[in-house]
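Protein chains: 2
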Amino acid sequence: MSENIDKFELILSSSRKLIEEIGFSSLTMDKVAQKAGIAKGTVYLYFKDKDDLLEKVLSTGFEKMFERIKNRVAVENRVIDKLGALISENINHIYENRYFFKTIFLDEVNVVFLKKKSKESFNLRRKRYSDFIGDIIKSGAESGEFVSGLNPAKSGYMLVSLIKTAAIYNFLSERFEPTPEMIENDTKEILNLFLHGISVK
Amino acid sequence: MSENIDKFELILSSSRKLIEEIGFSSLTMDKVAQKAGIAKGTVYLYFKDKDDLLEKVLSTGFEKMFERIKNRVAVENRVIDKLGALISENINHIYENRYFFKTIFLDEVNVVFLKKKSKESFNLRRKRYSDFIGDIIKSGAESGEFVSGLNPAKSGYMLVSLIKTAAIYNFLSERFEPTPEMIENDTKEILNLFLHGISVK
DNA sequence: TTGAATTATGACTTTTAAGTCAGTATAATA
DNA sequence: TATTATACTGACTTAAAAGTCATAATTCAA
C-alpha cells in the first residue's frame, strides 16, 4: 500500500524533473518511465493517461504554492503588506523551482514551434517591441515625467504583459464584441495602472 | 509569377483562418492543404516545413501590427500620449484579429494538455489565485487605500501577470541564481509598479 | 508452503501526422 | 505544334509516441 504511494510520488517527481530538463513539449511516457526506472505499463497503473499525469503534476505544484502564499499573507495585517508578502512569496517559490517554471513560462513558444531558430526569432520580436516601448519610457524618465532608476526594457515587457492580460481577461469573460467605448476604457485602465498604479494619490 | 505569390498568400491566410478555428496545437499540414484547396505537396513548394510556415504566419502578423503601432505613436508628441496611443492601437489590433489572438493567448494551455477537462481545471486554478488577490485588493479599496472602481479580479490577473513577466524577463536575461537581495528588489519593484505606477508623484 | 491476488513488465498495436517523390498537368518557348 | 520547364498532385513512406495486454514477478493470506 505504502509502496503504491511511493510509486505514485516517484512518477510525479520524475515527470517534474524531466519537465525541467526537456520541457513539456518533449515529454513522452517512455521517457517518464525510463526516468522513474520502471516500465511504461506501470505508469498507466497509477495514472489514467498522459493528460491525467500532467494535470496532477501541475495541480499538486499549484496547491503547494497556493497554500504557502496563503499562510504567509495571513500573517500580515495591512493590505499593502499582504500584497508585498504575496509577491515576495510568489517570486521565492518561482525561484526555488526555477527550472520548472522556466520551462512552464517559456514553453509556450514550443506549442507553436519545433525548431530553435523560430523560437529565437519569436523572442527577438518580443524584444523588439519591448525595446520600442522601452525607448518611449526612457525619454519620459529623461524628461522627469517618469521615476528614475527604471529599467526601460523591463518596463516595456511589463506593459506588453498588462495589455495581453487585459485581453485574456476579456476573452475568458467571453467578451468578444467590444464597442469602441470598451476599448477606450481598457486603454485608459491599462495606461492608468501603468502610470499611477492602484493606490490613491 | 504573380500566381505564385497568390498561392503563398493563400496558404498563409488559410493557415491563419485554421488557427483561429482549431488552434495551433491541432494544426496539421493536411488540414492546411485542405483549407487552401490544394495538395499537401504544394504547401511544401512554398514553405520549407511546418516550422517555416508557422514562423511566417506569426512574423507577417507581427510586422503588420508593429508597423501600425509605430506609425500611430509617431503622430503623438508627449510621452504619455505616445503610451496611450500605443496601448489603444495594440488593443484595437488584438480585437480586430480577436479569434486569432484568442487562440494564441489561450493556446498556451494546449502545450501541456490534450483534454478539455484539464484545460478547465488549469483556468480554474488561475482564477482561484486571482480571486484570492482580488479579495485583498477589494479590502484595500473599501478602506480607501486603493482607488475605487477597480475590478478586483481583473487587477488580480494583472498582478499575477506582472510577477510572471518579471520572472520571464530574468529567465531570458539568464538570471538563474538570484540572491535574496535581488528577490527583495524584484518584489519592491513589482509592488511599487502595481501600487504607484511609473510616473513621478 | 502453496496458490490466489496484486503489481510490474515491455514487446506489440494503433494512431497520427510530417515529409517525399514519381508521375501528371499546365505554361512558356522555340 | 513540339519540346522543355515549371507547378501541382496525393498515395506512400517514415517516424514518433500513446496506449494495451499477455505474461512474469512479487506479495499476501490461509
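Residue numbers (the working numbering), protein chains in the order written: chain E, 1 to 201; chain X, 1 to 201. Every residue, glycine too, gets a C-beta built ideally from N, C-alpha and C.
For Thr28/X, there is no enclosing alpha helix (DSSP H), as DSSP marks it with neither H nor E. The residue from Arg16/X, Leu86/X, Asp135/X and Ile198/X with its alpha-carbon nearest to that of Ser130/E is Leu86/X. For Gly134/E, the enclosing alpha helix (DSSP H) begins and ends at Lys116 to Glu142. In this structure Phe47/E is not in contact with Ile22/E, their Cβ atoms being roughly 19 Å apart against a cut-off of 8 Å. Less than 8 Å divides the Cβ of Val32/X from the Cβ of Val43/X. With contact defined as three or more Cβ pairs closer than 8 Å, the stretch 149–158 of chain E and the stretch 175–186 of chain E are not in contact.
The beta-bridge partner set that DSSP reports for Phe66/X is empty. A direct Cα-to-Cα measurement between Ile94/E and Gly84/E gives close to 15 Å. For Glu181/E, there are no CB contacts under 6 Å within the same chain when 5 residues up- and downstream are skipped. When Cβ-Cβ separations below 8 Å define contact, Thr179/E makes no contact with chain X. When Leu18/X, Asn77/X and Arg98/X are compared, the shortest CA-CA separation from Glu174/E is found for Arg98/X. If you draw a 10 Å sphere on the C-beta of Asn77/E, you find fewer than 16 other C-beta atoms in it, and that means exposed. Taking the beta carbon of Thr187/E as reference, the chain X residues within 7 Å of it are Gly84, Ile87, Ser88 and Ile91, listed in sequence order.
With distances taken between CA atoms, Val73/E lies nearest to Glu89/E out of Ser59/E, Asp30/E, Glu89/E and Gly61/E.
Contact of Val43/X with chain E is not assigned, every C-beta pair being separated by 8 Å or more. Annotated three-state conformation of Ser161/X is helix, per DSSP. CA-to-CA, the gap between Phe105/E and Met29/X works out to about 27 Å.
Residues of the stretch 161–178 of chain X whose Cβ lies closer than 8 Å to any Cβ of chain E, in chain order: Ser161, Leu162, Ile163, Lys164, Thr165, Ala166, Ala167, Ile168, Tyr169, Phe171, Leu172, Phe176 and Pro178. Around the beta carbon of Ala39/X, a 10 Å sphere encloses fewer than 16 other beta carbons of the protein chains shown; the residue is thus reported as exposed. In this structure, Ile198/E lies away from Phe132/X, with their beta-carbon atoms at least 8 Å apart.
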